[in-house]
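The sequence shown begins at 69 in this note's numbering and counts up by one. Glycine included, each C-beta is placed from N, C-alpha and C at the ideal position.
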Amino acid sequence: NTTKTIINKYLLDKGYFFTKIDFKSVPDPNQDNSVILQVLIDKGKRVKVHEINFTGNKDFKSAKLRKYLKKTKQQAFYKVFGSGKFNKEKYEEDKVKLIAKMQEGGYREAAILKDSIYKYNDKSIGIKIDLHEGPKYYFGNITWVGNAKYTTEYLQKIFTIEKGQLFSEEKLEAKLRGSANGDDVSTIYLNDGYLTFNIDPVQTKIYNDTVDIEMRIYEGPQYTNNKITVVGNTITNDRVVQRILYTKPGEKFSKDLLVRSVREIGQLGNFDETKTNPIPKPNPGDGTVDIEYHVEEKPSDQVELSGGFGGGRVIGTLGLTFNNFSLKNLFNGEAY
């Protein structure tokens, strides 16, 4: 039963809803008094979603909620091919995003009470999602504590969210530390050397349809860059990377300059952009921070071999091309 359950779950996650699993015991030809257990699987065809129904939704129309399920679509009647195939893993992701979208519109209490997947016919399934919307909430009083570097008025100007606006956890988080444009409160501090800055938005009072927020700030010390090193470059010389970095020793730490430095490293073309990882290492004792840029080089060196036969012997040439070759490794056997 355990084996069958595991196989069923695996195939369901892949969209195979009508799987048939049987077990068969056959004698082991290599060992007396032993059998081999064969698992016979007929996974069938991947099912499609015929319908998605919601209950408990009052302000949200079902058609709008279906649009929030980006990767779980019910099959349109006019599309015969490539529409509505079910994937359990993507469905679970969609449920999380569905609630996030509802909460973004002020529905702070939005939640999925339960959901079920059922057989619609031999080729498709149906999905039923029971929702709790709750009331629509708004931001109430917003207060700031712990800020010494910047005034409350300045921070509120950066924050932009005001009393009376629709309550949204996502918008709150974006304006505190997650803005794509860098116009959030955390970035203001991080660009001014406050590497260990932290802010905790606490919901101090919830009444009627209003949520009061207290912004509790820890500014911490202002850090200055100390040692700037590159780790992982076995071929590219340190100086090739160092000269394009915006983070300089003796200057205040800056998040923006760190990000720009990572971008410049990627534009060199020598390193795997997805593997570049800057690691700030603060030294609280003296207020400095060491920054290590961890990189992984691309295999860009080339070997060329050409030759011919003449005079009873092979004549050839070997050409080696090293990009940004590091002379410091020239006599280091371990570098090759």
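Requested in this report: Would you kindly work out how many angstroms separate the C-alpha atoms of A168 and E238, rounded to a whole number?
Outcome: The C-alpha of E238 is placed about 8 Å away from the C-alpha of A168.
Query raised in the report: Alpha carbon to alpha carbon, how far is G261 from T304?
Result: 30 Å
**Report entry** DSSP state of A179 mapped onto helix, strand, coil
**Finding:** strand
Query raised in the report: With K92 and L108 assumed to form a contact (beta carbons below 8 Å), what rounded beta-carbon distance in angstroms separates them?
Result: 6 Å
**Report entry** Proximity test, T228 beta-carbon vs the ligand MN heavy atom, cut-off 8 Å
**Finding:** The model depicted lacks the ligand MN and carries no ligand whatsoever.
Requested in this report: Tell me whether V115 sits in a helix, a strand or coil according to DSSP, three-state version.
Outcome: coil
Requested in this report: Have a look at L80 and K153 and give me their C-alpha separation to the nearest angstrom.
Outcome: 12 Å
Query raised in the report: Between the region 112-121 and the region 189-200, are three or more C-beta pairs nearer than 8 Å?
Result: yes
**Report entry** Residues that DSSP places opposite K349 in a beta bridge
**Finding:** Looking at the DSSP assignment, K349 forms a beta bridge with D358.
Requested in this report: Following the continuous alpha helix (DSSP H) through N266, name the residue where it begins and the one where it ends.
Outcome: Segment 266-275 is the beta strand (DSSP E) holding N266; no alpha helix (DSSP H) there.
Query raised in the report: If E201 and N125 are in contact, beta carbons under 8 Å, what's the gap, nearest whole angstrom?
Result: 6 Å
Query raised in the report: Rounded C-beta distance between N259 and K316? I'm assuming under 8 Å.
Result: Contact doesn't hold; Cβ gap of about 15 Å is too wide.
Query raised in the report: Excluding sequence positions up to five away, which residues of its chain have a Cβ less than 8 Å from the Cβ of L157?
Result: First, the amino acid is wrong: residue 157 is Glu here, not Leu. Same-chain partners within the cutoff: D81.
Requested in this report: Measure the C-alpha to C-alpha separation of N69 and G174 and round it to an integer number of angstroms.
Outcome: 45 Å
Report task. Compute the distance between the beta-carbons of T297 and G318, then report whether it is under 9 Å. Result -> Taking the C-beta atoms as reference points, G318 is found no nearer than 9 Å to T297.
Query raised in the report: Whole-angstrom Cβ separation of F339 and I333, contact assumed at under 8 Å?
Result: The pair is a contact, with the Cβ atoms about 6 Å apart (cut-off 8 Å).
**Report entry** Per-residue burial, Y286 [other beta carbons within 10 Å of its own, 16 or more giving buried]
**Finding:** exposed
Query raised in the report: Do the CB positions of K243 and I226 come within less than 9 Å of each other?
Result: yes
Requested in this report: Look at the alpha carbon of Y361 and the alpha carbon of D162, and state the distance between them as a whole number of angstroms.
Outcome: If you take the alpha carbons of Y361 and D162, they lie about 36 Å apart.
Report task. Report buried or exposed for V371, applying the criterion of at least 16 other Cβ atoms within 10 angstroms of its Cβ. Result -> The pLDDT assigned to V371 is 45, lower than 50, so where the model puts this residue is not dependable, and the model offers no usable value.
Requested in this report: Tell me, please, which residues DSSP counts as bridged to M170.
Outcome: According to DSSP, which records beta bridges pairwise, M170 is partnered with nothing at all.
Requested in this report: Return the CA-CA distance between L326 and L263, expressed in angstroms with no decimal places.
Outcome: 12 Å
**Report entry** 3 or more residues per run - each beta strand (DSSP E) lying fully within the region 268-349
**Finding:** If we require 3 residues or more, the beta strand (DSSP E) runs fully inside the region 268-349 come out as 278-286, 292-299.
Query raised in the report: Straight-line CA distance for T73 to K111?
Result: 14 Å
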